[in-house]
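Since the structure comes first, as structure tokens, the remarks are kept for the end.
Residue numbers (the working numbering): 96 to 366.
Following this line, the structure appears as structure tokens:
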């Protein structure tokens with residue numbers, strides 16, 4: 096699988112459970128915009144079978160290289176971002192993992208059981224990043240138990256290995272000079288934005304501004320019945336030039352921390 100096939104498959108899986116992203120994408124195209132992706136985000140656990148080192152292989156195989164690393168102490172996350180050495184226009188890849196050893200014994204045990212009960216051969220699949228939930232994640236009780244401690248873990252339980260969000264490169268848009276202009280257009284079009292930490296996270300001084308929609312609510316069939324669970328969201332990023340005139344390529348941990356909350360049940364008006 097080459098780079099374009101991998102990225103296309105990630106997009107197809109993403110819009111399947113995030114129809115709002117496709118609608119926003121099409122809405123902007125109708126205004127004459129050509130949509131470029133700033134970055135694609137992936138979630139995982141730091142278990143050696145599925146950690147960042149495992150998931151990054153799919154991207155390294157198609158020309159990506161590790162660049163920056165980030166820590167989110169409150170959410171107990173570690174992340175790395177990757178850039179494609181062969182194609183400067185390719186979206187960055189952002190992979191985060193839940194640091195299980197910092198979580199409760201109960202959460203660690205649940206994740207361990209999930210992974211132990213899988214066919215272990217599935218973790219050797221070079222395209223694991225496209226595999227979704229390879230475990231049996233159909234218990235509403237387990238979902239809600241994980242949710243009490245970690246929204247991130249609960250999301251992983253339901254959705255597994257897939258793109259958590261895509262991000263529009265706002266710099267490449269012709270009709271919007273600022274992120275605020277884009278946000279205003281989206282809200283006027285009926286989309287609700289993540290207001291945690293402000294609708295715009297980051298500042299020009301930090302060289303990166305970010306905003307995002309709230310995650311779609313997707314009907315998940317648990318053994319106890321169907322429940323609407325936040326799936327994925329669409330992000331928007333505006334980058335500023337560094338002192339050398341080149342656009343900043345990294346991420347701001349404090350901003351990403353709030354962007355993560357776009358899938359948080361607590362931000363949703365209807366569950």
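Think of the CB as a built atom: it goes at the ideal place given N, C-alpha and C, for glycine as much as any other residue.
DSSP three-state label for residue i, please.
i, result
"residue 299", "helix"
"residue 336", "strand"
"residue 247", "helix"
"residue 214", "coil"
"residue 346", "coil"
"residue 157", "coil"
"residue 147", "helix"
"residue 130", "coil"
"residue 290", "coil"
"residue 240", "helix"
"residue 183", "coil"
Cutting at 7 angstroms between CB atoms, please list the residues of its own chain near residue i, excluding the five before and the five after it.
i, result
"residue 147", "139, 175, 190 and 192"
"residue 110", "116 and 117"
"residue 128", "268, 269 and 270"
Would you mind reading off the limits of the alpha helix (DSSP H) that contains residue i?
i, result
"residue 114", "114 to 125"
"residue 315", "Premise fails: residue 315 lies in the beta strand (DSSP E), 312 to 317, not in any alpha helix (DSSP H)."
"residue 278", "274 to 283"
How would you write the range of the beta strand (DSSP E) that residue i sits in, first residue to last?
i, result
"residue 193", "187 to 193"
"residue 264", "258 to 264"
"residue 224", "Residue 224 -> no beta strand (DSSP E), and no H or E assigned at all."
"residue 172", "172 to 179"
"residue 324", "320 to 325"
Counting only beta-carbon separations shorter than 7 angstroms, does residue i have a partner in chain C?
i, result
"residue 117", "Reference to chain C is not applicable here, since this structure consists of a single protein chain."
Spatial neighbours of residue i within its chain, please: CB distance less than 6 angstroms, with the 5 preceding and 5 following residues excluded, ordered by chain position.
i, result
"residue 205", "none"
"residue 359", "246"
"residue 257", "108 and 227"
"residue 342", "334 and 336"
"residue 307", "289, 328, 330, 354 and 357"
"residue 120", "130"
"residue 250", "358"
Should residue i and residue j be called a contact, given that it needs their Cβ atoms to be closer than 7 angstroms?
i, j, result
"residue 101", "residue 157", "yes"
"residue 167", "residue 233", "no"
"residue 380", "residue 331", "This structure leaves residue 380 out entirely; the chain is present only between 96 and 366."
"residue 357", "residue 289", "yes"
"residue 244", "residue 202", "yes"
"residue 291", "residue 113", "no"
"residue 142", "residue 210", "yes"
Kindly list the residues whose CB is nearer than 8 angstroms to the CB of residue i, restricted to its own chain and excluding five residues on each side of it in sequence; keep chain order.
i, result
"residue 99", "none"
"residue 365", "Bear in mind that the predicted position of residue 365 carries a pLDDT of just 42, short of 50, making it unreliable; the figure below should be weighed with that in mind. 312 and 323, listed in sequence order."
Nearer than 6 angstroms: is that true of the beta carbon of residue i relative to any heavy atom of the ligand FMN?
i, result
"residue 238", "Absence of the ligand FMN from the depicted structure is noted, as is the absence of any ligand whatsoever, leaving it without description."
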